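If you read the protein sequences in the order shown, they are chains S and B.
The first sequence stops at residue 339 when you use the UniProt record's numbering, and every number in between is there.
The second sequence stops at residue 339 when you use the UniProt record's numbering, and every number in between is there.
Number of protein chains: 2
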Amino acid sequence: MDARVRLSDVAKAAGVSSATVSRVLRRPELVSPGVRERILAVIEELGYFANPAARALASARTNVIGILIPSLTNNVFADVLRGIYSVAQDSPYDLQFANTRYSNLEEENLLRVFLSQKPAGLIVTGIDQSPASRALLKQASCPIVQIMETGDDPIDMMVGFSHVRSAHAATAHLVGQGYRRIAFLGARMDPRTRRRLQGYSRALEEAGLFDERLIVTTPRSSTVTLGCELLGLLLEKELNADAVFCNNDDLALGVLFECQRRRIATPAEMGVCGFNDLEMMAVANPSITSVRTFRQEMGERSIRMLIDRIEDRPVKAPVVDLGFELMARQSSQRRPPPL
Amino acid sequence: MDARVRLSDVAKAAGVSSATVSRVLRRPELVSPGVRERILAVIEELGYFANPAARALASARTNVIGILIPSLTNNVFADVLRGIYSVAQDSPYDLQFANTRYSNLEEENLLRVFLSQKPAGLIVTGIDQSPASRALLKQASCPIVQIMETGDDPIDMMVGFSHVRSAHAATAHLVGQGYRRIAFLGARMDPRTRRRLQGYSRALEEAGLFDERLIVTTPRSSTVTLGCELLGLLLEKELNADAVFCNNDDLALGVLFECQRRRIATPAEMGVCGFNDLEMMAVANPSITSVRTFRQEMGERSIRMLIDRIEDRPVKAPVVDLGFELMARQSSQRRPPPL
DNA sequence: GTTGTGAATGAAAGCGCTTTCATTGTCAAT
DNA sequence: ATTGACAATGAAAGCGCTTTCATTCACAAC
Numbered sequence: 001m002d003a004r005v006r007l008s009d010v011a012k013a014a015g016v017s018s019a020t021v022s023r024v025l026r027r028p029e030l031v032s033p034g035v036r037e038r039i040l041a042v043i044e045e046l047g048y049f050a051n052p053a054a055r056a057l058a059s060a061r062t063n064v065i066g067i068l069i070p071s072l073t074n075n076v077f078a079d080v081l082r083g084i085y086s087v088a089q090d091s092p093y094d095l096q097f098a099n100t101r102y103s104n105l106e107e108e109n110l111l112r113v114f115l116s117q118k119p120a121g122l123i124v125t126g127i128d129q130s131p132a133s134r135a136l137l138k139q140a141s142c143p144i145v146q147i148m149e150t151g152d153d154p155i156d157m158m159v160g161f162s163h164v165r166s167a168h169a170a171t172a173h174l175v176g177q178g179y180r181r182i183a184f185l186g187a188r189m190d191p192r193t194r195r196r197l198q199g200y201s202r203a204l205e206e207a208g209l210f211d212e213r214l215i216v217t218t219p220r221s222s223t224v225t226l227g228c229e230l231l232g233l234l235l236e237k238e239l240n241a242d243a244v245f246c247n248n249d250d251l252a253l254g255v256l257f258e259c260q261r262r263r264i265a266t267p268a269e270m271g272v273c274g275f276n277d278l279e280m281m282a283v284a285n286p287s288i289t290s291v292r293t294f295r296q297e298m299g300e301r302s303i304r305m306l307i308d309r310i311e312d313r314p315v316k317a318p319v320v321d322l323g324f325e326l327m328a329r330q331s332s333q334r335r336p337p338p339l
Numbered sequence: 001m002d003a004r005v006r007l008s009d010v011a012k013a014a015g016v017s018s019a020t021v022s023r024v025l026r027r028p029e030l031v032s033p034g035v036r037e038r039i040l041a042v043i044e045e046l047g048y049f050a051n052p053a054a055r056a057l058a059s060a061r062t063n064v065i066g067i068l069i070p071s072l073t074n075n076v077f078a079d080v081l082r083g084i085y086s087v088a089q090d091s092p093y094d095l096q097f098a099n100t101r102y103s104n105l106e107e108e109n110l111l112r113v114f115l116s117q118k119p120a121g122l123i124v125t126g127i128d129q130s131p132a133s134r135a136l137l138k139q140a141s142c143p144i145v146q147i148m149e150t151g152d153d154p155i156d157m158m159v160g161f162s163h164v165r166s167a168h169a170a171t172a173h174l175v176g177q178g179y180r181r182i183a184f185l186g187a188r189m190d191p192r193t194r195r196r197l198q199g200y201s202r203a204l205e206e207a208g209l210f211d212e213r214l215i216v217t218t219p220r221s222s223t224v225t226l227g228c229e230l231l232g233l234l235l236e237k238e239l240n241a242d243a244v245f246c247n248n249d250d251l252a253l254g255v256l257f258e259c260q261r262r263r264i265a266t267p268a269e270m271g272v273c274g275f276n277d278l279e280m281m282a283v284a285n286p287s288i289t290s291v292r293t294f295r296q297e298m299g300e301r302s303i304r305m306l307i308d309r310i311e312d313r314p315v316k317a318p319v320v321d322l323g324f325e326l327m328a329r330q331s332s333q334r335r336p337p338p339l
């Protein structure tokens, strides 16, 4: 039933050896044009498809690029994936994703699985791998890109941005707008969120406005609903918060909704700033200030660098900082304080 | 450098043949307990990992479950994937995703690629495969689940719901609330969207309220911003629309934002209904009526059925209709019409 | 004691490719 | 004519597993 056409069938039909057919597929320049054409025709006619397992086994390498991300179901990574996809699309490489679920241990296991199949390259998220993972990656025989963040000690290549600096900028913006009791709302608290908290803290310390009690975090993963809840938690503390810097845009949107519900004027009584600048931030009412990050570009750059390295093209800058852009909008545009 | 431990190394170290080691891995019950323990210890000690290519080649099958979805970057599929993941997690199967990008042609190609590696099973989206794809799937030697929709002619198994019926219910709800000029806003117009449009049309025809001009669609993919724009387009037509049924929740949220901006009262002057019931619908202001679909459950059920079939366990119901639930909220709760 | 049975193991033949190495043929240079 | 070099091709040896088949051994039944 499953009468797969094999390479040898093609060879037989074309009246050549298997070696020649294989060469047509791998190194066509080694085969004379006439024979090449004939073989290609036969391949087409027979609908031949190489068995990837056999190919991988024989050549001791694969065309698989492994991608380890903490979550598939997260807008941020979805955008990165889109970028990766758009480039990988017209490359000979197959993408294979795995979900570390924000766990270093899981990451380590997946890494072992991936490396055991000798991938052509690997993209991993962040810079907080476990020592064991780092060791695995360091001795891996394929190029590797770390994405989402930049840091001092790249395993191989890196493309990301500084979460500390971007959060610092956002917080400083709120300070600049005249807010004085700026809270931090954080969900999930993965390493990148933590660094954003750092940037926030630093900015407020510099302004002499830091108050630890204004930090509200939860290990739960972020949703719009959670934004509503966290704002509620913050308000319960009665700390006179007059602005919130949110971990991400989901929370910020929730905060906005909750403010509306509680009749807290935004931005007059409560400034709001999100992170990532999801598309909807610009069209909310009021529009929501956010830190734009270049997620799709991050995906594109990372896989492009990876492929360049796989194909032995020189990569000029192995560590790329994509920066960020503060998108100041209505939600942080404080009008003269209501006396 | 890449001194991979092979099966034969394990065999040598344990003083047994390769066959026995292989058996410990595949059919441990065939090996005596003493030997089994010893071999497992050696495997652990040497850090042995099977080469998946060799395994696949030798056994003429893989433990790969292929998943074909139209988009990775879409909340709806993200939820489905989460469901699939949560089940596949503790199974021996590897998931492999591919993105058909809403193209039948692309789907066909990916199918060929997948089938060429003899996957253990396949999950495909929707019921509108090309004839060629259907043929490929029909003669595939692995179980297959179609997800997202139910239909009359399953290739193998199916889990989804009726887009026609759910859209019909939503539209009927708006009619029941007293809206009379109900518009349809549709983005991307993939087959499922088209069927929702059908359900909408049917419901309005039944109520004698159908007006083709109230249908506004675009091939662009849906975003919140697009919801704003489509509402703008609708209003320009000056058809006295008093409600919109949106293709999905993104559009609905955009409509809500745009209404706020234009000072159109929701739900009094404009009823709004979305589709999918994303988490944020419940916390928007006003909260947005939507059709809840069971996306995560869809993922879970589909992969569970698939695995059952792969492992030769009987699947009682090969076609599962998960239904839907109309979540009537503020955005469609019309107060007495302003005279 | 002999035979039969079944459990445990090993030998060896692939799985479908890639790649090295050898061979052949062609053509330019001598 | 000879030689050398090179391009084009084929033969064949794996790649690291799985699996069939044969073998061995222990033990129960006769």
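Virtual Cβ for every residue (Gly too), placed ideally from N, Cα, C.
Keep in mind that this is a model prediction, so the values were computed, not measured.
Please state whether DSSP places B:V35 in a helix, a strand or coil. helix
Kindly list the residues whose CB is nearer than 7 Å to the CB of B:R36, restricted to its own chain and excluding five residues on each side of it in sequence; keep chain order. V24, P28
Out of B:I215, B:R112, B:L253, which has the shortest C-alpha to C-alpha gap to B:E236? B:I215
Check whether chain S comes within 7 Å of B:C142, counting only Cβ atoms and requiring the distance to be less than that. no
From the DSSP output, which residues share a beta bridge with B:R292? B:N276, B:E325
Which of the residues in the stretch 150–173 of chain B, read from start to end, lie with their CB under 9 Å from any CB of chain S? none
Using CA coordinates, which residue listed in B:D153, B:K316, B:F49, B:Q177 is at the minimum distance from B:A243? B:Q177
Please confirm if B:D2 has its CB atom under 7 Å from at least one CB of chain S. Because the pLDDT of B:D2 is 48, which lies under 50, any placement of that residue in the model is unreliable, and the number read from its coordinates should be weighed accordingly. B:D2 counts as touching chain S.
Helix, strand or coil: which one does DSSP assign to S:L239? coil
Residues that S:Y93 contacts on chain B, provided the C-beta gap is smaller than 9 Å: Those within 9 Å of S:Y93 in chain B number zero; the least Cβ separation is about 12 Å.
Counting only Cβ-Cβ distances shorter than 9 Å, please list the residues of the stretch 188–202 of chain S near chain B, keeping chain order. none
So, under 8 Å CB-CB, S:P119 and B:Q117 are touching, yes? Tell me the CB distance rounded to an integer number of Å. The Cβ separation is near 16 Å, so there is no contact.
Strictly under 7 Å for the Cβ-Cβ distance: is S:M270 near chain B by that measure? no
Length of the line joining the Cα atoms of B:D2 and S:A140: Confidence in B:D2 is poor, its pLDDT being 48 and thus under 50, which makes the residue's placement unreliable; the coordinate value appears in the next sentence. Taking the straight line joining both Cα atoms gives about 8 Å.
Please state whether DSSP places S:A53 in a helix, a strand or coil. helix
Is there a C-beta anywhere in chain B that falls below 7 Å from the one on S:M327? no
Top-ranked residue by Cα proximity to B:F210, from B:R180, B:G227, B:D156, B:C228: B:R180
In terms of alpha-carbon separation, which member of B:F257, B:A98, B:T125 lies closest to B:V113? B:A98
If the cut is a Cβ gap below 8 Å, which residues of chain B does S:E205 touch? Those within 8 Å of S:E205 in chain B number zero; the least Cβ separation is about 33 Å.
Output needed in chain order: residues of the stretch 112–141 of chain S with a Cβ under 7 Å from some Cβ in chain B. R112, S116, Q117, S141
Cβ neighbours of S:A167 in the same chain (closer than 6 Å, five flanking residues each side left out): R196, G199, Y200
Provide the residue(s) that pair with B:F184 in DSSP beta bridges, ordered along the chain. B:I215, B:F245
Quick check on DSSP: helix, strand or coil for S:V5? coil
Is it the case that the Cβ atoms of S:L105 and S:G66 are separated by a distance below 7 Å? no
With DSSP as the reference, label S:V124 as helix, strand or coil. strand
C-alpha distance - S:A88 paired with S:Q296, whole-angstrom precision: 13 Å
What does the alpha-carbon distance come out to for the pair B:F161 and B:L322? 5 Å
Identify, in the order they occur along the chain, each residue of the same chain with its Cβ nearer than 7 Å to the Cβ of B:H163, setting aside the five sequence neighbours on each side. E149, R192, R195, R196, G199
Would you kindly report the start and end of the unbroken alpha helix (DSSP H) that includes S:N75? 75–88
Straight-line CA distance for B:R101 to B:E229? 23 Å
Is DSSP giving B:A170 helix, strand or coil here? helix
In chain S, what lies closer than 7 Å to B:T73 by C-beta? A78, D79, L81, R82
7 Å Cβ cutoff, S:F49 in contact with chain B: yes
Does DSSP put S:N99 in a helix, a strand or coil? strand
Taking the alpha carbon of S:D308 as the reference point, which residue from S:G15, S:S91, S:T293 has its own alpha carbon closest? S:S91
Does B:M148 have its Cβ less than 7 Å from a Cβ in chain S? no
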